[in-house]
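**Q**
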Amino acid sequence: MSTPAAPGSVVGKPPPGRLARLGRGSGWQGFFFISPALVLLGALLVYPVVWTVRLSVDKGRRQLEPHEFVGLDNFKRLLTDDRRFLDLSEFPPSGALINNLRWIVLYTALCVILGLAIAVLASRVRYESLIKAVIFVPMAISATAVAMIWLFVYSPDPDQGVLNAALQGINSGFDPISWVGREGTVNYAIIFAYVWASTGFAMVVLSAALKGISTEVIEAARTDGATDWAIFRRIQLPLLSLPIAVVTVWLIINVIKVFDIVYVMSGGGPSGASEVIANRYFIETFDGGKGGYGAAMAVIMLLMIIPIMAFNIRRFRSEAVTR
Amino acid sequence: MTRYRTFLVLLPALVVALALVAAGCGGDDEGSSKSTGTVSVFSLWGGSERDAFQKVLTGFTEKTGIKAKYEQGRDFLPILRPRIAAGNPPDVAIIPRPGVVADFARDGSLKTVEEIGLDTDALTENLSQSYLDLGTVDGDLYGIVVKANSKNTIWYKPASFKQLGVQPPEDWQGLLQIADKMRSEGKKPFAVGAQGSTNSWTLTDWFENIYLHQAGPEKYQQLFTGELPFTDPTVKTALGEMTKVISDENVPGGIQGVLGTDFVTSIGQVFGTNAKAEMHGQGGFVGGIAIGQVNTKLKPITDIDFFDFPTLNPAYKGALMGAGDQAVAFTSNDDVKALMEYLASPEAGEIWAKTGAIISPNKAVPDSAYPNELAVKEAKQLKDAETFRFDGSDLLPGTLGQSWATTLQAIIQNPDKMDQELQDFQSSAEGEFEA
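Protein sequences appear in the order of chains E and F. Residue 26 in the working numbering is what sits at position 26 of the first sequence, and the numbering runs on without skipping anything. Residue 1228 in the working numbering is what sits at position 228 of the second sequence, and the numbering runs on without skipping anything.
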């Protein structure tokens, strides 16, 4: 190589030997470039995960450090002997684990359905951006603030709580309901508040995907005499299946670790009715100092997330292949 | 293949890097550092309580020239535990739960008063034996009680009582009769705010007061130290009385209202401008919050006053349930010694008492230090008590205090399920007391 070639001029075939060298070199170089990220990921992610798994099979009291190996005792107690975590003695079953499942199903379904409905309907009106902005605003509010706002809405005192005041306005004989003070309503009240705060996310993603659908396809369908519903059901929905899956996965992962809004709105109460895994974990580990027992809960959360991650990765791979 | 080998070569390097990072995080937790001219104090208080304590710290700096840095965390355990584990605790912390102080002392995280170099005789002179007992763990004194509260109080509106033609009751039956009378006039006798897990302690306070005055101080101490099971018949009897007060008819919005209302809002239900109830059964600090925050127009004694928690069993008339915050030291040096000494002094007690935020446990703090008659009255109650018992749920180890409050939430909703709830709580309590 006597004269340095201009970039882009190497369009011909380079000698095979050089390519091999380049390949090997780029392996080292690549590693060099990702090593800072690897060290950070290792120190801040891999190491704590390993530490947590280690703690979960330990008594780990007080100092949040391993000190007595107990095997799977923590898990056994969690799943069979901790009514706040899982109570199968009565029907319907209750406890933090069951509540998390309730969150996953209700929260995810409501966010996606509402987000999709708003995205589709808004695209048909002139003031679309206004509607989308309004729906999206709660996304900009922290979960703690969302919790405080909804605590006021749900207040059992009709002078303070908008919801009870409204219901009393409709029917003056209505007895105010303490939405977060009743075991039967507390979960739904909190889930709804969080749906209010996250629907904007689903809507924005799905709305953007909707815009990506070629208008020619829609026009062709219309020329063929398709109704609005048929267009939505047979064209838009199938074309949106990927973004819907992305949003769903993101929401599920987001909600398995739900904590802040529950912590502020109910702290898991009344009488443990609205407990979620992350709140139990927080209380056992940091209030009770039971690092091992808390870590076992964290591991269960991790186990819940793994299949969803696996699904996600597999889907990305198949995407890459079809491309 | 080559890439894979490269990875194998670099893996040990990564592990070493990780180990270094981990070692760096660990640090040494040898607390006995040299005097630095600054001492850090950690506690729960924000808002007006923080301002009050800041005045004490300012007094300290003026006197000694040592700077004091205040750090705050309302939910204090999740902050303290990791800091202790990381070897970076505050120098001094003021902790409201003796159960937690005992935990930390047994871990070896705390310094004894002797280790810091404080003069124990000076302490015993100004603090009564029951306060000293609170700070003692396995024979060693760790905590100095610097702030006290009586919980032996029921707050009421004198004007309202006058209109109804009743006097503050002497005994429990009297209280229930007043409640009946109020109900017959369409009023709600009590307000209780026990929402979620942050306000549920109000229920444990109600229970403790009833239990102390019904079963007596001996049984009370046994119950909350694991010697008497919670399934004991005395517990059920006391809970029976409690559900007579905290019932659907007696409180605004019924039981579900209690469980959906926070503590400060419940004070507003009695003393706010749009009152919905007549009496409030929580401790001495209700007065400060009512006057300072809920309704600043309230005049002590004429608009707001309290009476002693009524007697259930005349044999235990002189018993008092209260609470207190202890100063404990995580490190030991001259600055820490100076601060602990100052916090225990009548001088600091007087500055603090003047703010109206606390009752000083220090005998040498005169009544004239308190800003209003209500505070004087509370201080007198504490001084005159024949038997002092600490807030029981704060004595319970680990998460039991919180879990007891949760159990009470379940019991007021379903008194029929009392037996099962008590049984469940007892089995978790046994595990906790053993450990």
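Idealized CB from N, CA, C, for every residue including glycine.
1. On the criterion of 16 or more Cβ atoms from any shown chain inside 10 Å, does E/Q29 qualify as buried, or is it exposed?
2. Below 8 angstroms on the Cβ atoms is my contact criterion, and I expect F/N1313 with F/Q1214 to pass it. Report the Cβ-Cβ distance as a whole number of Å.
3. Please say whether F/E1227 and F/D1391 have beta carbons closer to each other than 8 angstroms?
4. Quick one: which unbroken alpha helix (DSSP H) runs of 4-plus residues sit fully inside the region 140-197 of chain E? Chain order, please.
5. What are the residues of the region 1286-1313 of chain F that lie near chain E, defined by any Cβ-Cβ distance shorter than 8 angstroms?
6. Run down chain E in chain order and give the residues with a C-beta less than 9 angstroms from the C-beta of F/D1416.
7. Between the region 164-179 of chain E and chain F, which residues of the former have a C-beta closer than 9 angstroms to a C-beta of the latter?
8. So, for E/D228: in the same chain, excluding its five sequence neighbours on each side, which residues have a beta-carbon less than 8 angstroms away from its beta-carbon?
9. In angstroms with no decimal places, state the Cα-to-Cα distance between F/L1141 and F/G1135.
10. Using a C-beta to C-beta distance shorter than 9 angstroms, which residues of chain E count as neighbours of F/S1247?
11. Taking only three categories from DSSP, how would you classify F/P1189?
12. Going along chain F in order, which residues have a C-beta closer than 7 angstroms to the C-beta of E/R315?
13. Closer than 7 angstroms between beta carbons: that is the criterion. Which residues of the region 1402-1414 of chain F meet it against chain E?
14. Going straight from the alpha carbon of F/V1100 to that of E/G289, what length do you get?
15. Give me the subset of the region 1088-1111 of chain F whose CB atoms are less than 7 angstroms from a CB atom of chain E, sorted by chain position.
16. Excluding sequence positions up to five away, which residues of its chain have a Cβ less than 6 angstroms from the Cβ of E/R143?
17. For the region 1186-1199 of chain F against the region 1250-1266 of chain F, do three or more pairs of beta-carbon atoms, one drawn from each stretch, fall closer than 8 angstroms, so that the two count as touching?
18. How would you list, in chain order, the residues of chain F whose beta-carbon sits under 8 angstroms from the beta-carbon of E/E284?
19. When the distance is taken between beta carbons, is E/A119 closer than 8 angstroms to E/L210?
20. Kindly say whether E/E65, judged by its beta-carbon, lies nearer than 8 angstroms to any beta-carbon of chain F.
21. Would you report the Cα separation of E/P375 and F/R1081, rounded to the nearest angstrom?
22. In whole angstroms, what is the alpha-carbon distance linking F/I1066 and F/P1189?
23. Use the C-beta contact count for F/E1185: other C-beta atoms within 10 angstroms, 16 or more gives buried, fewer gives exposed.
24. Grouping DSSP H, G and I as helix and E and B as strand, with all else coil, what is F/A1022?
25. Among all the DSSP beta bridges, which residues are the ones paired with E/F69?
26. According to DSSP, is F/L1228 helix, strand or coil?
27. Between the region 1315-1325 of chain F and the region 1112-1123 of chain F, are three or more C-beta pairs nearer than 8 angstroms?
28. What does the Cβ neighbour count give for E/S205, buried or exposed, with the cut at 16 atoms within 10 Å?
29. Measuring only between beta-carbons, confirm whether F/N1250 sits less than 8 angstroms from chain E.
30. Can you tell me where the alpha helix (DSSP H) holding F/Y1131 begins and where it ends?
31. Would you mind sorting E/S241 into buried or exposed? The rule is 16 or more other CB atoms within 10 Å of its CB.
32. List, in chain order, every chain F residue whose beta-carbon is nearer than 7 angstroms to that of E/S318.
33. Check the Cβ-Cβ distances between E/G288 and every residue of chain F, and say whether any is below 8 angstroms.
34. On the DSSP letters alone, give me the boundaries of the beta strand (DSSP E) that F/G990 sits inside.
35. On the three-pair Cβ rule with 8 angstroms, is the region 92-111 of chain E touching the region 242-251 of chain E?
36. Please state the DSSP three-state secondary structure of E/F85.
**A** In brief:
1. Locating residue 29 of chain E in the first sequence gives position 29, where the first residue counts as 1. So E/Q29 ends up on the exposed side.
2. Taking the second sequence and counting its residues from 1, one reaches residue 1313 of chain F at position 313. Taking the second sequence and counting its residues from 1, one reaches residue 1214 of chain F at position 214. The Cβ separation is near 5 angstroms, so the contact holds.
3. Here residue 1391 of chain F refers to the residue found at position 391 when the second sequence is read from its first residue. Here residue 1227 of chain F refers to the residue found at position 227 when the second sequence is read from its first residue. No, Cβ-Cβ distance for F/D1391 and F/E1227 is not below 8 angstroms.
4. 143-154, 162-170
5. none
6. Taking the first residue of the second sequence as 1, we reach residue 1416 of chain F at position 416. Those do not exist, as F/D1416 stays about 14 angstroms from chain E at its closest Cβ, beyond 9 angstroms.
7. D175, P176, I177, S178, W179
8. Walking along the first sequence from the start, residue 228 of chain E turns up at place 228. So no residue of the chain qualifies.
9. Position 141 of the second sequence, counted from the start, is the residue given in the question as residue 1141 of chain F. Position 135 of the second sequence, counted from the start, is the residue given in the question as residue 1135 of chain F. For F/L1141 and F/G1135, the distance between alpha carbons rounds to 6 angstroms.
10. Here residue 1247 of chain F is taken as the residue at index 247 of the second sequence, counted from 1. Those within 9 angstroms of F/S1247 in chain E number zero; the least Cβ separation is about 15 angstroms.
11. The sequence position of residue 1189 of chain F within the second sequence is 189, counting from 1. In the structure shown, F/P1189 sits in a strand (DSSP, three-state: E or B).
12. Taking the first residue of the first sequence as position 1, residue 315 of chain E is located at position 315. Chain F residues near E/R315: none, gap ~26 angstroms exceeds 7 angstroms.
13. Q1402, T1406, Q1409, A1410, Q1413
14. Within the second sequence, numbered from 1, the residue matching residue 1100 of chain F stands at position 100. Within the first sequence, numbered from 1, the residue matching residue 289 of chain E stands at position 289. Their Cα atoms are separated by approximately 10 angstroms.
15. For the region 1088-1111 of chain F, which is checked against every Cβ of chain E, the residues closer than 7 angstroms are D1103, D1107.
16. Walking along the first sequence from the start, residue 143 of chain E turns up at place 143. Position check: residue 143 of chain E holds Ala in this sequence, whereas Arg was assumed. Result list for E/A143: D260, I261, in chain order.
17. yes
18. As a working mapping, residue 284 of chain E is identified with position 284 in the first sequence. Chain F residues near E/E284: T1399.
19. Indexing the first sequence from 1 puts residue 210 of chain E at position 210. Indexing the first sequence from 1 puts residue 119 of chain E at position 119. Yes, they are a contact pair.
20. Here residue 65 of chain E refers to the residue found at position 65 of the first sequence. So yes, E/E65 belongs to the interface.
21. Coverage of chain E is limited to positions 1 through 323, which leaves residue 375 of chain E absent and any answer about it impossible.
22. In the second sequence, counting from the first residue as 1, residue 1066 of chain F sits at position 66. In the second sequence, counting from the first residue as 1, residue 1189 of chain F sits at position 189. Their Cα atoms are separated by approximately 51 angstroms.
23. Translated into positions along the second sequence, residue 1185 of chain F becomes position 185. With fewer than 16 Cβ atoms within 10 Å of its Cβ, F/E1185 is classed as exposed.
24. By 1-based counting over the second sequence, the position of residue 1022 of chain F is 22. Any answer about F/A1022 is weak, because its pLDDT of 46 lies below 50 and its placement is not dependable; what the coordinates show is given next. F/A1022 falls in the helix class under three-state DSSP.
25. Here the question's residue 69 of chain E lines up with position 69 in the first sequence. E/F69 pairs with E/D58.
26. Here residue 1228 of chain F is taken as the residue at index 228 of the second sequence, counted from 1. In the structure shown, F/L1228 sits in coil (DSSP, three-state: anything other than H, G, I, E or B).
27. no
28. On the first sequence, residue 205 of chain E is found 205 positions in, with the first residue counted as 1. It is worth fixing the name first, because residue 205 of chain E is Val in this sequence and not Ser. E/V205 comes out buried.
29. Taking the second sequence and counting its residues from 1, the one referred to as residue 1250 of chain F is at position 250. By this cut-off, F/N1250 is not an interface position.
30. What you label residue 1131 of chain F is simply residue 131 of the second sequence in a count that begins at 1. Segment 1129-1134, the alpha helix (DSSP H) holding F/Y1131.
31. Mapped onto the first sequence, residue 241 of chain E falls at position 241. Result: exposed.
32. Residue 318 of chain E sits at position 318 when you count from the first residue of the first sequence. Correct list: empty, because the minimum Cβ distance to chain F is about 24 angstroms.
33. Residue numbering aside, residue 288 of chain E sits at position 288 when the first sequence is read from its first letter. Chain F, which has a Cβ nearer than 8 angstroms to the Cβ of E/G288, makes this yes.
34. In this structure chain F extends from 1001 to 1435, so residue 990 of chain F is not present and cannot be described.
35. yes
36. Residue numbering aside, residue 85 of chain E sits at position 85 when the first sequence is read from its first letter. In the three-state DSSP reduction, E/F85 falls in the coil class, being neither helix nor strand.
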